[in-house]
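Residue numbers (UniProt numbering): 1 to 173.
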(Lines of atoms letter the chains of each structure in order from A and count residues from 1; the text may use other names and numbers.)
(Lines give C-alpha, C1' and ligand atoms only; values in the text may rest on other atoms or scores of the structure.)
Protein backbone atom coordinates (compact mmCIF):
# COMPACT_ATOMS: atom_id res chain seq x y z
CA UNK A 1 0.00 0.00 0.00
CA UNK A 2 1.15 3.50 -0.78
CA UNK A 3 2.49 5.49 2.18
CA UNK A 4 0.16 8.30 3.20
CA UNK A 5 1.12 10.99 5.71
CA UNK A 6 -1.55 13.11 7.35
CA UNK A 7 -0.52 16.40 8.92
CA UNK A 8 -2.76 18.26 11.35
CA UNK A 9 -2.53 21.97 12.11
CA UNK A 10 -2.97 23.07 15.70
CA UNK A 11 -4.27 26.64 16.00
CA UNK A 12 -7.83 26.86 14.72
CA UNK A 13 -7.98 23.08 14.26
CA UNK A 14 -7.28 20.79 17.22
CA UNK A 15 -6.79 23.89 19.42
CA UNK A 16 -9.72 26.30 19.13
CA UNK A 17 -8.66 29.80 18.16
CA UNK A 18 -9.55 32.47 20.72
CA UNK A 19 -11.35 35.19 18.75
CA UNK A 20 -11.22 37.55 21.73
CA UNK A 21 -7.42 37.48 21.92
CA UNK A 22 -5.37 40.27 20.40
CA UNK A 23 -2.25 39.54 18.38
CA UNK A 24 -0.29 40.81 21.38
CA UNK A 25 -2.02 38.21 23.58
CA UNK A 26 -0.71 35.43 21.33
CA UNK A 27 2.86 36.51 22.12
CA UNK A 28 2.36 36.00 25.86
CA UNK A 29 3.87 32.92 27.53
CA UNK A 30 1.17 30.32 28.18
CA UNK A 31 -1.24 31.55 25.49
CA UNK A 32 -0.98 28.47 23.28
CA UNK A 33 -0.90 26.04 26.22
CA UNK A 34 -4.25 27.42 27.42
CA UNK A 35 -6.25 27.15 24.18
CA UNK A 36 -9.46 25.15 24.39
CA UNK A 37 -9.27 21.75 22.68
CA UNK A 38 -11.54 20.86 19.76
CA UNK A 39 -12.55 17.49 21.15
CA UNK A 40 -14.27 16.29 17.99
CA UNK A 41 -11.24 16.80 15.78
CA UNK A 42 -8.94 15.43 18.48
CA UNK A 43 -11.02 12.24 18.63
CA UNK A 44 -10.92 11.97 14.82
CA UNK A 45 -7.13 12.45 14.85
CA UNK A 46 -6.77 9.67 17.42
CA UNK A 47 -8.85 7.34 15.23
CA UNK A 48 -6.84 8.26 12.12
CA UNK A 49 -3.55 7.65 13.95
CA UNK A 50 -4.55 4.01 14.43
CA UNK A 51 -4.37 3.47 10.65
CA UNK A 52 -2.21 6.25 9.22
CA UNK A 53 1.02 8.07 9.90
CA UNK A 54 -0.33 11.24 11.54
CA UNK A 55 1.84 14.19 12.58
CA UNK A 56 1.25 17.63 14.00
CA UNK A 57 2.45 20.43 11.71
CA UNK A 58 2.17 23.84 13.33
CA UNK A 59 3.71 27.27 13.00
CA UNK A 60 5.48 28.77 16.01
CA UNK A 61 6.77 32.21 16.83
CA UNK A 62 10.53 32.40 17.11
CA UNK A 63 10.55 33.11 20.84
CA UNK A 64 11.55 31.14 23.91
CA UNK A 65 8.12 29.74 24.83
CA UNK A 66 5.64 29.17 21.95
CA UNK A 67 6.99 25.74 20.99
CA UNK A 68 7.06 24.62 24.63
CA UNK A 69 3.49 25.90 25.08
CA UNK A 70 2.33 23.87 22.09
CA UNK A 71 4.14 20.74 23.30
CA UNK A 72 2.46 21.18 26.71
CA UNK A 73 -0.91 21.57 24.99
CA UNK A 74 -0.39 18.38 22.95
CA UNK A 75 0.68 16.43 26.05
CA UNK A 76 -2.30 17.73 28.05
CA UNK A 77 -4.78 16.84 25.31
CA UNK A 78 -3.75 13.26 24.60
CA UNK A 79 -1.72 13.92 21.45
CA UNK A 80 1.77 14.00 22.92
CA UNK A 81 2.60 10.66 21.29
CA UNK A 82 2.29 12.06 17.75
CA UNK A 83 5.31 13.25 15.82
CA UNK A 84 5.40 17.04 15.72
CA UNK A 85 6.96 19.41 13.29
CA UNK A 86 7.15 23.06 14.24
CA UNK A 87 7.61 25.54 11.42
CA UNK A 88 8.85 29.10 11.93
CA UNK A 89 5.87 31.45 11.73
CA UNK A 90 5.34 32.70 8.18
CA UNK A 91 7.27 29.86 6.52
CA UNK A 92 5.55 27.48 4.07
CA UNK A 93 4.72 24.24 5.88
CA UNK A 94 5.45 22.03 2.87
CA UNK A 95 9.13 22.95 3.03
CA UNK A 96 9.42 21.03 6.31
CA UNK A 97 8.11 17.65 5.19
CA UNK A 98 9.31 14.75 3.05
CA UNK A 99 7.55 15.20 -0.29
CA UNK A 100 8.34 11.65 -1.43
CA UNK A 101 5.05 10.50 0.11
CA UNK A 102 1.46 11.44 -0.52
CA UNK A 103 0.82 14.07 2.14
CA UNK A 104 -2.46 15.52 3.34
CA UNK A 105 -2.64 18.71 5.40
CA UNK A 106 -5.72 19.48 7.48
CA UNK A 107 -5.61 23.22 8.19
CA UNK A 108 -8.06 26.04 8.84
CA UNK A 109 -6.12 28.67 6.88
CA UNK A 110 -6.64 28.84 3.11
CA UNK A 111 -3.25 30.44 2.45
CA UNK A 112 -1.47 27.47 4.05
CA UNK A 113 -3.55 25.05 1.99
CA UNK A 114 -3.03 26.96 -1.26
CA UNK A 115 0.76 26.88 -0.75
CA UNK A 116 0.62 23.23 0.30
CA UNK A 117 -1.16 21.90 -2.79
CA UNK A 118 1.43 23.48 -5.08
CA UNK A 119 4.06 21.10 -3.69
CA UNK A 120 4.69 17.60 -5.04
CA UNK A 121 2.34 14.90 -3.67
CA UNK A 122 0.55 17.36 -1.36
CA UNK A 123 -3.22 17.60 -0.91
CA UNK A 124 -5.21 19.87 1.39
CA UNK A 125 -8.36 19.57 3.47
CA UNK A 126 -9.80 22.74 4.96
CA UNK A 127 -11.08 22.50 8.51
CA UNK A 128 -14.20 24.62 8.88
CA UNK A 129 -14.04 25.66 12.53
CA UNK A 130 -17.04 27.99 12.73
CA UNK A 131 -15.00 31.20 12.51
CA UNK A 132 -13.15 30.77 9.22
CA UNK A 133 -14.28 30.34 5.60
CA UNK A 134 -15.95 33.75 5.54
CA UNK A 135 -14.48 34.79 2.18
CA UNK A 136 -14.98 31.56 0.23
CA UNK A 137 -11.36 31.45 -0.94
CA UNK A 138 -10.91 27.67 -0.65
CA UNK A 139 -12.69 25.52 -3.22
CA UNK A 140 -11.07 22.23 -2.30
CA UNK A 141 -11.84 19.41 0.10
CA UNK A 142 -13.32 20.23 3.52
CA UNK A 143 -14.40 18.81 6.84
CA UNK A 144 -16.38 20.69 9.47
CA UNK A 145 -16.30 21.07 13.23
CA UNK A 146 -20.03 20.33 13.09
CA UNK A 147 -19.29 16.75 12.03
CA UNK A 148 -18.92 14.07 14.67
CA UNK A 149 -15.49 12.40 14.95
CA UNK A 150 -16.62 9.27 13.10
CA UNK A 151 -17.93 11.33 10.17
CA UNK A 152 -14.69 13.33 10.04
CA UNK A 153 -12.63 10.14 10.08
CA UNK A 154 -14.81 8.45 7.43
CA UNK A 155 -14.58 11.52 5.17
CA UNK A 156 -10.80 11.68 5.49
CA UNK A 157 -10.47 7.93 4.87
CA UNK A 158 -12.61 8.34 1.74
CA UNK A 159 -10.32 11.11 0.51
CA UNK A 160 -7.27 8.92 1.17
CA UNK A 161 -8.88 6.06 -0.80
CA UNK A 162 -9.57 8.39 -3.73
CA UNK A 163 -5.99 9.65 -3.71
CA UNK A 164 -4.61 6.11 -3.67
CA UNK A 165 -6.88 5.14 -6.57
CA UNK A 166 -5.88 8.24 -8.56
CA UNK A 167 -2.19 7.67 -7.92
CA UNK A 168 -2.46 3.98 -8.85
CA UNK A 169 -4.22 4.86 -12.10
CA UNK A 170 -1.62 7.53 -12.90
CA UNK A 171 1.21 5.04 -12.35
CA UNK A 172 -0.34 2.46 -14.68
CA UNK A 173 -1.18 4.93 -17.45
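For each residue, glycine too, the CB sits at the ideal point set by N, CA and C.
Given residue i as reference, the closest of the options once Cα atoms are compared
i, options, result
"residue 72", "33, 85, 91 and 136", "33"
"residue 19", "36, 9 and 29", "36"
"residue 64", "107, 99 and 30", "30"
"residue 50", "28, 59, 69 and 82", "82"
"residue 28", "12, 67 and 54", "67"
Cα-Cα separation, residue i to residue j
i, j, result
"residue 26", "residue 61", "9 Å"
"residue 57", "residue 74", "12 Å"
"residue 84", "residue 7", "9 Å"
"residue 77", "residue 90", "25 Å"
"residue 145", "residue 15", "12 Å"
"residue 117", "residue 111", "10 Å"
"residue 120", "residue 24", "36 Å"
"residue 106", "residue 10", "9 Å"
N- and C-terminal bounds of the alpha helix (DSSP H) containing residue i
i, result
"residue 44", "39-49"
"residue 67", "66-76"
"residue 113", "110-116"
Sequence-distant residues of the same chain with beta carbon closer than 6 Å to residue i, five excluded per side
i, result
"residue 155", "143"
"residue 92", "115"
"residue 38", "14 and 16"
"residue 160", "4"
Residues near residue i by beta carbon distance below 7 Å, same chain, minus five either side
i, result
"residue 43", "149"
"residue 47", "149 and 153"
Where the beta strand (DSSP E) through residue i begins and ends
i, result
"residue 22", "Careful: residue 22 lies outside any beta strand (DSSP E) and carries neither H nor E."
"residue 133", "Here residue 133 belongs to no beta strand (DSSP E), and DSSP marks it neither H nor E."
"residue 86", "83-88"
"residue 107", "102-107"
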